[in-house]
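S.K.:
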Amino acid sequence: MLELTLTIKIKILKILKIPNVKPDLFWNRYTLPYFLEKKSSMSLSKTTLGNFELYTIETGDFKLDGGAMFGVVPKTLWSRGIPADENNRIQMTMRCLLIKSNTTGKLYLIDNGLGTKFNEKLMKIYEVDFSRYTMEKSFHEHGFTFDDVTDIIFTHLHFDHCGGTSYFDENGKNVLTFPNATYHVTESHWKTATNPNAREKASFLPENIEPLKATDKIKLVGNSHQYENGLSAIVVNGHTLGQQLPLIEGDGKKLCFVADLLPTHVHVPLPWVMGYDMYPAETLKEKEGFLKRAVSDNFFLYLEHDYYKEIITLASDGRRYTVSETFSLNDI
Ligand SMILES: [Zn+2]
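Residue numbers (this note's numbering): 7 to 338.
Laid out in structure tokens, this is it:
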């Protein structure tokens with residue numbers, strides 16, 4: 007590969023509008039191709055899977071602490087897969103999914119990003135960036151409005167998954183974004199979110215949870231709930247109790263929205279579990295079973311937080327799991 011001087015690297019990063027990254031860290035063989043791939047496919051993707059139409063909903067980018075994202079994995083290892091900025095944070099996104107059912111006419115939205123209720127301080131801490139996409143822009147680009155959504159499936163209620171449920175109007179009132187939606191969350195997760203332990207409390211923001219408590223449109227579902235034919239959810243408990251991973255099946259294909267079980271493609275190796283997880287040993291067990299099934303059933307894994315990759319498939323040599331191929335909804 008062509009050897010570039012540091013000055014040229016800095017110049018290129020500037021042209022690509024990538025701030026706050028140490029050029030040499032960015033310049034490894036893992037991240038640059040992904041970034042270029044990402045930059046060249048800046049439009050939203052969509053596809054049809056059996057009786058469902060699927061649409062990518064990008065709701066914005068943000069950053070989280072790289073150490074917390076990889077738990078016990080040392081930085082020397084994880085930073086080969088994903089670069090850290092000078093504050094040790096990694097680039098993440100909040101990619102949701104809109105599902106139109108041609109059988110029932112329902113329009114499901116899975117999660118809705120962190121929304122617009124953050125104050126300046128929090129915007130800065132998480133370096134929230136709406137310059138690429140907002141939820142509104144994504145809906146508009148696909149020709150939908152927030153009023154069209156009939157059902158919201160929450161994987162879980164951590165702030166980066168449910169903040170878009172409500173917003174502050176011009177009078178500072180916290181109002182619901184989707185006036186016609188019913189909200190689906192597992193019973194065990196609702197209990198946790200409304201009565202969290204001290205460690206998880208910071209992830210459940212009152213301004214996100216209170217409006218949900220106040221509606222009569224919350225529907226508590228059990229494990230492995232079937233929303234309709236071809237749309238169900240796998241429930242895992244390691245990251246938080248009662249996290250749902252929606253599974254869409256059609257045309258002989260299966261697409262799973264993997265949420266925080268597998269936040270990025272770099273988290274594929276079995277022990278690469280987030281420090282944020284409430285019950286990491288449980289995650290390990292659940293992840294092992296899930297990865298096995300993902301390979302044997304040829305799951306397309308839809309990544310909610312991966313800035314660089316939208317969908318991956320996995321391969322296994324019987325010992326280790328690796329990323330096999332990368333897709334967008336357009337190519338599956
Ligand atoms: Zn989470």
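Ideal placement from N, C-alpha and C gives every residue a C-beta, glycine not left out.
(1) Is it true that the CB of Ile215 sits closer than 8 Å to the CB of Leu163?
(2) Near Thr13, which residues of its chain fall below 7 Å by C-beta distance, leaving aside the five closest residues on each side in sequence?
(3) What are the boundary residues of the alpha helix (DSSP H) that Met129 is part of?
(4) Looking at Leu104: is its Cβ nearer than 8 Å to the Cβ of Ile63?
(5) Of the residues Ser209, Asn304, Ser238 and Arg138, which one's Cα is nearest the Cα of Asn229?
(6) Check each candidate in Ile18, Asn93, Val191 and Asn243 and name the one with the smallest Cα separation from Leu6.
(7) Can you name the residues that DSSP bridges to Pro286?
(8) With a threshold of 7 Å on Cβ separation, who are the neighbours of Thr140 within its own chain once the five nearest residues in sequence on each side are excluded?
(9) Please name the residue in Val272, Arg325 and Asp303 whose C-alpha comes closest to that of Val79.
(10) For Thr54, verify whether its CB is less than 7 Å away from any heavy atom of ligand 1.
(11) For Tyr282 and Ala74, what's the separation of their Cα atoms in angstroms?
(12) Give the straight-line distance between the Cα atoms of Trp196 and Thr11, rounded to the nearest whole angstrom.
(13) Among the residues of its own chain, which have a CB less than 7 Å from the CB of Val181, if the five just before and after it don't count?
(14) When the distance is taken between beta carbons, is Leu268 closer than 8 Å to Leu309?
(15) In three-state terms, what does DSSP make of Ile338?
(16) Determine the direct distance from the alpha carbon of Asn177 to that of Val274, and round the result to whole angstroms.
(17) Please classify Ser302: does DSSP put it in a helix, a strand, or coil?
M.R.: Quick answer:
(1) Yes, the pair counts as a contact, with Cβ atoms nearer than the cut-off.
(2) Closer than 7 Å at the Cβ level, and outside the excluded window around Thr13, lies no residue.
(3) For Met129, the uninterrupted alpha helix (DSSP H) run begins and ends at Glu126 to Ile131, by DSSP.
(4) The criterion of a C-beta distance shorter than 8 Å is satisfied by Leu104 and Ile63.
(5) That would be Ser238, whose Cα lies nearest to the Cα of Asn229.
(6) The question about residue 6 has no answer here: the residues shown for the chain are numbered 7 through 338.
(7) BP columns for Pro286 are empty, so no partner.
(8) Counting only Cβ-Cβ distances below 7 Å, and skipping sequence neighbours, we find Thr65 and Gly66.
(9) The candidate whose alpha carbon is nearest that of Val79 is Val272.
(10) Not under cutoff, so the answer is no.
(11) Between Tyr282 and Ala74, the C-alpha separation is close to 6 Å.
(12) Rounded to whole angstroms, the separation of the alpha carbons of Thr11 and Trp196 is 53 Å.
(13) Around Val181: Ser172, Tyr173 and Asp175.
(14) Closer than 8 Å, so yes.
(15) DSSP, read as helix, strand or coil, puts Ile338 in coil.
(16) Pairing Val274 with Asn177, the inter-Cα distance amounts to about 45 Å.
(17) DSSP places Ser302 in helix when its eight states are reduced to three.
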